[in-house]
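Everything on this sheet refers to the single structure shown next.
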Amino acid sequence: VALLDRRWRAGRRRIGVREELSRRIHSLGLASRVQLLGDRDDAGRLLASADIYCQPNDGPEPFGLSFVEALAAGLPVVSTMLGAIPEIVDDTCGVLVAPRAPEEVASALSQLLGDPSGDSVSRTAPARAPRRLVTSPGESTRWQTRSQTHDIHHPCSRRVSRLPAGRDPIAQVRPGRHHRRRLHLRHRPGQLPGHVDVFDVRRRHRRPVPGQLWKPLTPAQRLGSHDLRIWVAVLIGWPVLLFIAFPTDNPLVQAVGLRANAFLLPFLLFGARLTSDDVKELALYLAVLNLAAVALATVEFFIGIEPFYPMNDVTDIIYRSRDLVGRTAYRIPACFSSAHAFAGAMAMTLPVLIGGGSSRTRGSGKRRCWRRP
Amino acid sequence: VIATFVGVFMAAARTHMITVALIALVVTFTGGLSAKQWIRWVVAVVVVGYVVAGDARFQRFTTLQDRSMVSERIGESVNDSFFDAVSQHPLGRGLAGRRHEHSVFPA
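Chains A and B are the protein sequences, given in the same order.
Heads up: the first sequence runs through residues 173 to 545, numbered per the working numbering.
Heads up: the second sequence runs through residues 2 to 108, numbered per the working numbering.
Written as structure tokens, this is what we have:
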């Protein structure tokens, strides 16, 4: 930035070196020209508002997903001739310079900044992105959206030419620092030496993203949520209609009822965003919980409820609930209320358990109607 | 899935027995199961049936055959018509509805 003679801004997403960068920025008098944006979840929006993607690596990367994202956003890329970057970026969509050569980076940026028409670098970046990730120019935007909502489902296979044949790829390949948090390299049994899958592990280590529920649904999510729309409409429309058209009850009571319905809406939105893999994962957790609950209930079934609920004034209601088999047996786990809560929880999880165990599709978001919550 | 079915029958809650029976019917007739899934499903149903048949405590659903009892039981819980309930409590009666005192539950 210091070598450039134009006013422009650069962003930086890395954390942990912020203090050092701030000190150097101020010492070089660049405070008005450099913004440290911090760790962001809206990379897609930032890319869309940028003119150039510059990531001058000083070490090799096995694969540069961020470069593909930038290309998918239609940005020319400035980077260095290291690792797999030349396999992604060439002179039709960016400029590659020697590593650790800030003058060349500045020259490349000056060249691109002085060429707003983009004639020197093709703006057909999506066509240069790997076909496995971006299948069409129109698809690039959707892929970018899925990436931002942690819902991307490659794996994209890519040959890592720098990987020595016959060596353990996980031990040899070190993801670049920019991607270390997001990418994991996996070697499949029987795979050719030097060939690894690059896939996103954010699904495994995902963090809640503020506002994620309100982001637009991807086409697959929209397709999968089609039969939920009527329920969303009913849950919203019914109380609103009655609240306005038939105010027959105390407004506070009506508001409570409205709140109860509103509680269900986020669950519908969550359900709409679940892919088949999500359903499988959820089914696994529910299966573990159900097995634990049924195991405890089975113990209670065989040894009786007395060890669990010593007879006293508080548990009296349980012992008055003996209404099974001619009033000779108690409910499991205790009385009417807990039995219904127990059985209701079991019954509600059943569609997810069956759906998660019988899904044929993987990662496509395609589901059958009876797997709906 | 087997444990979940057994859990429902173990709790002896007739409402939820009806629910899981309906789910089983839906899966059986509209689930679009593959051959392998059909085998698993049939095995699950047979195992659940065997367990339920083995103990009278799991068979509370058989009381649903007594129509007069069912009518009386529903009459106790649902003592307003649907339209009365909708007109008087359009957003639902919730837990504050009449005849929902805890003492009537065990009956």
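All C-beta atoms, glycine included, are put in the ideal place defined by N, C-alpha and C.
Note that the coordinates shown come from a computational prediction; the quantities given were computed from them, not determined experimentally.
If you count every other CB in all the chains shown that lies within 10 Å of the CB of LEU281/A, and 16 or more means buried, which is it?
On the first sequence, position 109 is the one that residue 281/A refers to. Classification of LEU281/A: buried, given that the 10 Å Cβ count is 16 or more.
With distance defined between alpha-carbon atoms, name the residue in ALA506/A, GLU453/A, ALA501/A nearest to ILE489/A.
For this step, residue 489/A is matched to residue 317 along the first sequence. Ranking the options by Cα distance to ILE489/A, first place goes to ALA506/A.
Please confirm whether LEU335/A has its beta-carbon closer than 8 angstroms to some beta-carbon of chain B.
Residue 335/A sits at position 163 when you count from the first residue of the first sequence. With a pLDDT of only 34 at LEU335/A, under the threshold of 50, the placement of this residue in the model should not be trusted; the figure read from the coordinates follows. Judged by the 8 angstroms Cβ criterion, LEU335/A is not in contact with chain B.
Using CA atoms only, rank isn't needed, just tell me which of LEU218/A, ALA256/A, LEU247/A, SER221/A is closest to GLU233/A.
Position 61 of the first sequence holds residue 233/A. The residue with the shortest Cα to Cα distance from GLU233/A is ALA256/A.
Using three-state DSSP, classify SER251/A as helix, strand or coil.
For the purposes of this step, residue 251/A is taken as residue 79 along the first sequence, with counting starting at 1. Strand at SER251/A.
Straight-line gap, ALA245/A to PRO258/A (C-alpha atoms, nearest Å)
In the first sequence, the residue the question calls residue 245/A occupies position 73. In the first sequence, the residue the question calls residue 258/A occupies position 86. Those two C-alpha atoms are separated by around 18 angstroms.
Please list the partners that PRO523/A has in chain B, where partner means a Cβ-to-Cβ separation under 9 angstroms.
Translated into positions along the first sequence, residue 523/A becomes position 351. Residues of chain B passing the Cβ test: ILE24, VAL27, VAL28.
Boundaries of the beta strand (DSSP E) in which GLY266/A is found, first to last residue:
Along the first sequence, read from residue 1 onward, the residue named residue 266/A stands at position 94. Here the beta strand (DSSP E) through GLY266/A covers 266-269.
DSSP beta-bridge partners for ALA215/A?
Taking the first residue of the first sequence as position 1, residue 215/A is located at position 43. BP columns for ALA215/A are empty, so no partner.
Considering just the uninterrupted stretch of the alpha helix (DSSP H) at TYR51/B, what are its terminal residues?
Position 50 of the second sequence holds residue 51/B. Element bounds for TYR51/B: 36-54.
Could you tell me whether any Cβ in chain A is nearer than 8 angstroms to the Cβ of VAL43/B?
As a working note, residue 43/B is residue 42 in the second sequence. No, because no Cβ of chain A sits closer than 8 angstroms to the Cβ of VAL43/B.
Within 10 angstroms of the Cβ of MET70/B, are there 16 or more other Cβ atoms? Answer buried if so, exposed if not.
Taking the first residue of the second sequence as position 1, residue 70/B is located at position 69. Label assigned to MET70/B: exposed.
Using three-state DSSP, classify SER72/B as helix, strand or coil.
Taking the second sequence and counting its residues from 1, the one referred to as residue 72/B is at position 71. DSSP places SER72/B in helix when its eight states are reduced to three.
Is SER251/A closer than 8 angstroms to PHE239/A when the C-beta atoms are compared?
Stepping through the first sequence from its first residue, residue 239/A is reached at position 67. Stepping through the first sequence from its first residue, residue 251/A is reached at position 79. The answer is yes: Cβ separation under 8 angstroms.
Give the interface partners of SER530/A over in chain B, defined as CB-CB distance under 9 angstroms, in chain order.
On the first sequence, residue 530/A is found 358 positions in, with the first residue counted as 1. Neighbours of SER530/A on chain B, chain order: VAL28, GLY32, GLY33, LEU34, SER35, GLN38, ARG41, TRP42.
Assuming LEU454/A contacts ALA4/B (C-beta within less than 8 angstroms), just tell me the rounded distance between them.
Here residue 454/A refers to the residue found at position 282 of the first sequence. Here residue 4/B refers to the residue found at position 3 of the second sequence. That pair is no contact at about 17 angstroms.
For chain A, check one thing: does any of its Cβ atoms lie closer than 8 angstroms to the Cβ of ARG58/B?
Within the second sequence, the letter at position 57 stands for residue 58/B. Interface residue, yes.
What did DSSP end up calling ALA273/A once you bin it into helix, strand or coil?
One-based indexing of the first sequence puts residue 273/A at position 101. It is coil, neither helix nor strand.
Does chain A have any CB closer than 8 angstroms to the CB of VAL46/B?
The count along the second sequence starts at 1 and reaches residue 46/B at position 45. No, no contact with chain A.
Rounded separation between MET11/B and ALA444/A - CA only:
By 1-based counting over the second sequence, the position of residue 11/B is 10. By 1-based counting over the first sequence, the position of residue 444/A is 272. One C-alpha to the other measures close to 32 angstroms.
Is the Cβ-Cβ distance between ARG494/A and TYR502/A less than 8 angstroms?
As a first step, residue 494/A is located in the first sequence; it is residue number 322 there, counting from the start. As a first step, residue 502/A is located in the first sequence; it is residue number 330 there, counting from the start. Their beta carbons are under 8 angstroms apart, which means ARG494/A touches TYR502/A by this criterion.
DSSP three-state call for HIS222/A: helix, strand or coil?
Position 50 of the first sequence, counted from the first residue, corresponds to residue 222/A. One detail in the question is off: residue 222/A reads as Ala in this sequence, not His. Looking at ALA222/A - three-state DSSP - the assignment turns out to be coil, as it is neither helix nor strand.
Whether ASN229/A touches PRO274/A by CB criterion (8 angstroms)
On the first sequence, position 57 is the one that residue 229/A refers to. On the first sequence, position 102 is the one that residue 274/A refers to. No, they are not a contact pair.
Going by C-alpha distance, which of GLY286/A, ASN484/A, ARG195/A is nearest ASP223/A?
To locate residue 223/A, count along the first sequence from 1; it is residue 51. Out of GLY286/A, ASN484/A, ARG195/A, GLY286/A has the C-alpha closest to the C-alpha of ASP223/A.
For ALA519/A and HIS17/B, which I take to be in contact (beta-carbon distance under 8 angstroms), what is that distance rounded to the nearest angstrom?
Within the first sequence, residue 519/A is the residue found at index 347, counting from 1. Within the second sequence, residue 17/B is the residue found at index 16, counting from 1. That belief holds up - the Cβ atoms of ALA519/A and HIS17/B are roughly 4 angstroms apart, short of 8 angstroms.
For GLY70/B, decide whether its Cβ has a neighbour in chain A, counting only Cβ atoms nearer than 8 angstroms.
Start at 1 with the first residue of the second sequence, and residue 70/B comes out as number 69. At residue 70/B the sequence reads Met, which differs from the Gly that was named. No - not a single Cβ of chain A is within 8 angstroms of the one on MET70/B.
ALA12/B versus chain A: which residues are under 8 angstroms apart at the beta carbon?
Translated into positions along the second sequence, residue 12/B becomes position 11. The contacting residues are ALA469, ARG503, ILE504, PRO505, ALA511, HIS512, PHE514, ALA515, MET518.
Roughly how many angstroms lie between the CA atoms of GLN60/B and GLY33/B, to the nearest whole one?
For the purposes of this step, residue 60/B is taken as residue 59 along the second sequence, with counting starting at 1. For the purposes of this step, residue 33/B is taken as residue 32 along the second sequence, with counting starting at 1. Rounded to whole angstroms, GLN60/B to GLY33/B spans 29 angstroms at the Cα level.
Buried or exposed for PHE474/A, please, with buried defined as at least 16 other CB atoms from any protein chain shown within 10 angstroms of its CB.
The residue labelled residue 474/A in the question sits at position 302 within the first sequence. Exposed is the call here.
Does the distance from the CB of ALA54/B to the CB of VAL2/B come in under 8 angstroms?
As a working note, residue 54/B is residue 53 in the second sequence. As a working note, residue 2/B is residue 1 in the second sequence. In this structure, VAL2/B does not lie closer than 8 angstroms to ALA54/B by Cβ.
Name the chain B residues that come within less than 7 angstroms of ILE526/A, Cβ to Cβ?
Counting from one through the first sequence, the residue named residue 526/A turns up at place 354. The contacting residues are VAL2, VAL28.
Measure the CB-CB distance between LEU254/A and VAL261/A and report whether it falls below 8 angstroms.
Translated into the one-based positions of the first sequence, residue 254/A becomes position 82. Translated into the one-based positions of the first sequence, residue 261/A becomes position 89. Against a cut-off of 8 angstroms, the Cβ pair of VAL261/A and LEU254/A comes out as no contact.
Chain A within 8 angstroms of ARG74/B, Cβ atoms only
Here residue 74/B refers to the residue found at position 73 of the second sequence. Chain A, which has no Cβ nearer than 8 angstroms to the Cβ of ARG74/B, makes this no.
CB contact check: VAL53/B to chain A, cutoff 8 angstroms
Here the question's residue 53/B lines up with position 52 in the second sequence. Cβ-Cβ to chain A under 8 angstroms: no for VAL53/B.
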